[in-house]
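**Q** Each residue of the sequence shown is one higher than the last, beginning at 1 in full-length UniProt numbering. This is the structure, below, for whatever I ask next.
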Amino acid sequence: MNRFLYCGVMRAKAPQKGLSFFNSFNLSRSVHSIPFATVDVEEISGSQPAEVHNLVQGKWKTSSNWNTLLDPLNGEPFIKVAEVDETGIQPFVESLSKCPKHGLHNPFKAPERYLLFGDISVKAAHMLSIPKVSDFFTRLIQRVAPKSYKQALGEVYVTQKFFENFSGDQVRFLARSFAVPGDHLGQQSHGFRWPYGPVAIITPFNFPLEIPVLQLMGALYMGNKPILKVDSKVSIVMEQMMRLLHYCGLPVEDVDFINSDGKTMNKILLEGNPRMTLFTGSSRVADKLAVDLKGRIKLEDAGFDWKVLGPDVQEEDYVAWVCDQDAYACSGQKCSAQSILFMHENWSRTSLISKIKNLAERRKLEDLTVGPVLTFTTEAMLEHMNKLLQIPGSKLLFGGEPLKNHSIPSIYGAIKPTAVYVPLEEIMKENTYELVTREIFGPFQIITDYKKEQLPMVLDALERMHAHLTAAVVSNDPLFLQEVIGKTVNGTTYAGLRARTTGAPQNHWFGPAGDPRGAGIGTPEAIKLVWSCHREIIYDIGPMPRNWEIPPST
């Protein structure tokens, strides 16, 4: 774990280099500075706006086109993003085209780079474990995607643990190959994981650090050359992370980082022709890109995520707390957020709903346990609620009002955590199903209940959903679990009394199922699936059989 040079001939000196790296940061701490940072989180304001730059071909660059972002809590213009328009894409297209299809490294080319990235991961994990650095990223996340300190810190923690997981030799283990004996002496087939070469990564606003870092490093580990685009509203977080990675030894030419609108990025993808694109975001954009890129894409798109409570009622307080966390943490702005809750009739007879209501009403803007919604306005969310309340038998369980006494700009949404009850029979009607299962990326959920004999109807409702990301089956009844799990598809499904839909850590697969385009994140299996392809090399070196002769034509 002390290798900090990737060149084999210099390995004997590596521990000293590693100690020098760690000591250099310890010295910097004594003068209260973070060596890679170009912004002071607490000073970012209208009078001292931060700037976000682009990185291409190893150089940080600005642009003539600056996009000014409003502080999501007070509306003050506080960040200027240098956005590339369609006239400025050529350097990025050229950079992609310079990377060969066989990548920057592979098992037969520059294998020392596997060690390099193991060492970079060691250093990055150490950096993120330092309280000053961890707090820097936590607060920076809060400034642009307001969520509670604990939720933002959780994102930093998962990222740090990811780097720990892929330290040392773990990167080269991702490229592990296998061999199969052939038909005769001298013949063997070998299977290898091969990079795509030039690739693209497009990530959303809701996890400004965790999603782009885990996908970026996966791409790099396998030997690819990525161009990375993060939603401009939050791209300052990843810009600062790129600077940390350079500080930890990432070659500056290995990644291009761009700020642009969707139209410009689409043009780069069409002209730069990356061999693979990872897109995390809306289903509408995902489907367009799948066509534009002729299927060379992996997706983690929208999720209308469900939770089913089984017949065994127990630990009511705990289940209520998890329901509140799943639906309303980060103001519901998680692709894994609980969108709909199916309660068995046994749970309907408990005080579960009132307990969820009480927990939801504890949330307040002051500690960001509820906050701005960055992709839906207040009016749009309340309009959706009112349409639901026109369904026969539906009712507002709690919330349904705008937040009060705030200065959140009107381009964003601000409502109290909200739940609407809709009868199961009404949900299943052709003219209401699409309305009820529309994903609202905010603190909003549907709640319904079902009788024992209606479980097939619940399973039919789950079958009709078009996105299959996360799910939870809350029950310790093995036959119930078997029934529900066996007849559903969601790629990340939690099962058991403590089942949840959110909070995926770095130690298990997170991604959709039921779609050949589905992408995973965070685990060796996800990295190999998304960022490499299979290549088979068949060695056939002889010797030739004695007295071999040319056979008849066939």
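Cβ atoms here follow ideal geometry from the backbone N, Cα and C, with glycine treated the same way.
Would you kindly work out how many angstroms separate the C-alpha atoms of residue 254 and residue 213, rounded to a whole number?
**A** Walking along the sequence shown from the start, residue 254 turns up at place 254. Walking along the sequence shown from the start, residue 213 turns up at place 213. The alpha-carbon atoms of residue 254 and residue 213 are separated by roughly 14 Å.
**Q** Give the DSSP-derived three-state secondary structure of residue 58 in the structure shown.
**A** By one-based count along the sequence shown, residue 58 stands at place 58. Note: residue 58 maps to coil in three-state DSSP.
**Q** State the start and end residues of the unbroken alpha helix (DSSP H) segment that holds residue 131.
**A** Locating residue 131 in the sequence shown gives position 131, where the first residue counts as 1. Its alpha helix (DSSP H) spans residues 131 to 144.
**Q** Going by DSSP, name the residue or residues bridged to residue 508.
**A** Reading the sequence shown from its first residue, position 508 is the one you call residue 508. Bridge partners of residue 508: none, in fact.
**Q** On a Cα-Cα basis, can you pick out the residue from 243, 533, 422 and 341 that is closest to residue 60?
**A** In the sequence shown, residue 60 corresponds to position 60, counting from 1. The candidate whose alpha carbon is nearest that of residue 60 is 243.
**Q** Are there 16 or more other CB atoms within 10 angstroms of the CB of residue 159, so buried, or fewer, so exposed?
**A** Locating residue 159 in the sequence shown gives position 159, counting from the first residue. Residue 159 comes out buried.
**Q** Here's a check: name, in chain order, each residue in its chain whose Cβ is nearer than 7 Å to the Cβ of residue 288, leaving out the five neighbours to either side.
**A** Position 288 of the sequence shown, counted from the first residue, corresponds to residue 288. For residue 288, where only same-chain residues beyond five positions count, there are no Cβ hits under 7 Å.
**Q** Our contact map puts residue 268 next to residue 92 with C-beta atoms below 8 Å; I'd like the distance itself, whole angstroms only.
**A** The residue you call residue 268 lines up with position 268 of the sequence shown. The residue you call residue 92 lines up with position 92 of the sequence shown. Right, the Cβ-Cβ distance comes to about 5 Å (below 8 Å), so this counts as a contact.
**Q** Can you name, in chain order, every residue of its own chain whose Cβ lies under 6 Å from the Cβ of residue 512, other than the five neighbours on each side?
**A** Here the question's residue 512 lines up with position 512 in the sequence shown. Only 468, 469, 491 and 518 meet the Cβ criterion.
**Q** Out of 79, 102 and 493, which has the shortest C-alpha to C-alpha gap to residue 220?
**A** For the purposes of this step, residue 220 is taken as the residue at position 220 of the sequence shown. Closest option to residue 220, Cα to Cα, is 102.
**Q** Rounded to whole angstroms, how far is the Cβ of residue 79 from the Cβ of residue 44, which I believe are closer than 8 Å?
**A** Against the sequence shown, residue 79 aligns to sequence position 79. Against the sequence shown, residue 44 aligns to sequence position 44. The pair is a contact, with the Cβ atoms about 7 Å apart (cut-off 8 Å).
**Q** Assuming residue 416 and residue 401 make a contact with CB atoms under 8 Å, what is their CB distance in whole Å?
**A** Taking the first residue of the sequence shown as position 1, residue 416 is located at position 416. Taking the first residue of the sequence shown as position 1, residue 401 is located at position 401. Yes, residue 416 and residue 401 are in contact; Cβ-Cβ is about 5 Å, under 8 Å.
**Q** Does the structure place the segment 127 to 134 close enough to the segment 153 to 169 that three or more beta carbon pairs sit under 8 Å?
**A** yes
**Q** I believe residue 426 touches residue 391 by the beta-carbon criterion, under 8 Å. Please report the beta-carbon distance rounded to the nearest angstrom.
**A** Residue 426 sits at position 426 when you count from the first residue of the sequence shown. Residue 391 sits at position 391 when you count from the first residue of the sequence shown. That belief holds up - the Cβ atoms of residue 426 and residue 391 are roughly 5 Å apart, short of 8 Å.
**Q** Sort 276, 120 and 330 by Cα distance to residue 248 and report the nearest one.
**A** Taking the sequence shown and counting its residues from 1, the one referred to as residue 248 is at position 248. Of 276, 120 and 330, the residue nearest in Cα terms is 120.
**Q** Report, in whole angstroms, the separation of the C-beta atoms of residue 520 and residue 506, which I expect to be a contact under 8 Å.
**A** Here the question's residue 520 lines up with position 520 in the sequence shown. Here the question's residue 506 lines up with position 506 in the sequence shown. Not a contact, Cβ separation roughly 12 Å.
**Q** With DSSP collapsed to three states, give me the class of residue 301.
**A** Here residue 301 refers to the residue found at position 301 of the sequence shown. If DSSP states are grouped into helix, strand and coil, residue 301 belongs with coil.
**Q** Tell me, to the nearest whole angstrom, how far the beta carbon of residue 445 is from that of residue 338; I am working on the premise that it is less than 8 Å.
**A** Looking up residue 445 in the sequence shown gives position 445. Looking up residue 338 in the sequence shown gives position 338. Contact holds; Cβ gap of about 6 Å.
**Q** Counting pairs of Cβ atoms below 8 Å between the segment 215 to 230 and the segment 272 to 280, do you hit three or more?
**A** yes
**Q** By the 10 Å Cβ neighbour count, where 16 or more other Cβ atoms means buried, how is residue 96 classified, buried or exposed?
**A** The residue you call residue 96 lines up with position 96 of the sequence shown. Buried is the call here.
**Q** For the candidate residues 462, 410, 71 and 404, whose alpha-carbon lies nearest to that of residue 428?
**A** Along the sequence shown, one-based indexing puts residue 428 at 428. That would be 462, whose Cα lies nearest to the Cα of residue 428.
**Q** Mind checking who residue 50 pairs with in its DSSP beta bridge?
**A** Against the sequence shown, residue 50 aligns to sequence position 50. In the DSSP secondary-structure assignment, residue 50 is bridged to 79.
**Q** Can you grab the Cα-Cα spacing for the pair residue 300 / residue 202, in whole Å?
**A** The residue you call residue 300 lines up with position 300 of the sequence shown. The residue you call residue 202 lines up with position 202 of the sequence shown. Looking at the two C-alpha atoms, the distance is approximately 10 Å.
**Q** So, using beta-carbon positions, are residue 354 and residue 449 closer together than 8 Å?
**A** Here residue 354 refers to the residue found at position 354 of the sequence shown. Here residue 449 refers to the residue found at position 449 of the sequence shown. Their beta carbons are not under 8 Å apart, which means residue 354 does not touch residue 449 by this criterion.
**Q** How should residue 284 be labelled, buried or exposed, when 16 other C-beta atoms within 10 angstroms of its C-beta is the threshold for buried?
**A** The sequence position of residue 284 within the sequence shown is 284, counting from 1. That one is exposed.
**Q** Restricting to Cα atoms, I'd like to know which of 544, 533 and 546 is closest to residue 177.
**A** Here residue 177 is taken as the residue at index 177 of the sequence shown, counted from 1. Taking only the C-alpha atoms, the option nearest residue 177 is 533.
**Q** Please say whether residue 303 and residue 335 have beta carbons closer to each other than 8 Å?
**A** One-based indexing of the sequence shown puts residue 335 at position 335. One-based indexing of the sequence shown puts residue 303 at position 303. Yes, the Cβ-Cβ distance between residue 335 and residue 303 is below 8 Å.
**Q** Helix, strand or coil, according to DSSP, for residue 106 in the structure here?
**A** Translated into the one-based positions of the sequence shown, residue 106 becomes position 106. Residue 106: strand per DSSP, three-state reduction.
**Q** Would you say the beta carbon of residue 248 comes nearer than 7 Å to a heavy atom of the ligand NAD?
**A** Only the bare structure without any ligand can be found here, which leaves the ligand NAD out of the picture.
**Q** Contact check, residue 199 vs residue 188 under 8 Å by CB: the rounded distance?
**A** Along the sequence shown, one-based indexing puts residue 199 at 199. Along the sequence shown, one-based indexing puts residue 188 at 188. About 30 Å separates the two Cβ atoms, so there is no contact after all.
**Q** Nearest to residue 259 by CA position, among 375, 56 and 404, is which residue?
**A** Locating residue 259 in the sequence shown gives position 259, where the first residue counts as 1. Comparing Cα positions, the closest option is 56.
**Q** Name the two residues that bound the continuous beta strand (DSSP E) containing residue 378.
**A** In the sequence shown, residue 378 corresponds to position 378, counting from 1. Looking at the DSSP string, residue 378 is not in any beta strand (DSSP E); the run it does join, the alpha helix (DSSP H), is 378 to 388.
**Q** Of the choices 550, 406 and 525, whose alpha-carbon is the least far from that of residue 173?
**A** Working through the sequence shown from its first residue, we reach residue 173 at position 173. For residue 173, the nearest C-alpha among the options comes from 525.
**Q** Between the C-alpha atoms of residue 46 and residue 74, what's the straight-line distance to the nearest angstrom?
**A** Reading the sequence shown from its first residue, position 46 is the one you call residue 46. Reading the sequence shown from its first residue, position 74 is the one you call residue 74. Looking at the two C-alpha atoms, the distance is approximately 10 Å.
**Q** Could you pull the DSSP bridge partners for residue 273 from this structure?
**A** Taking the sequence shown and counting its residues from 1, one reaches residue 273 at position 273. Residue 273 pairs with nothing; no bridge assigned.
**Q** So is residue 413 buried or exposed if we call it buried at 16+ other beta carbons inside 10 Å?
**A** Numbered from 1 along the sequence shown, position 413 holds the residue referred to as residue 413. Answer is buried; the Cβ neighbour count reaches 16.
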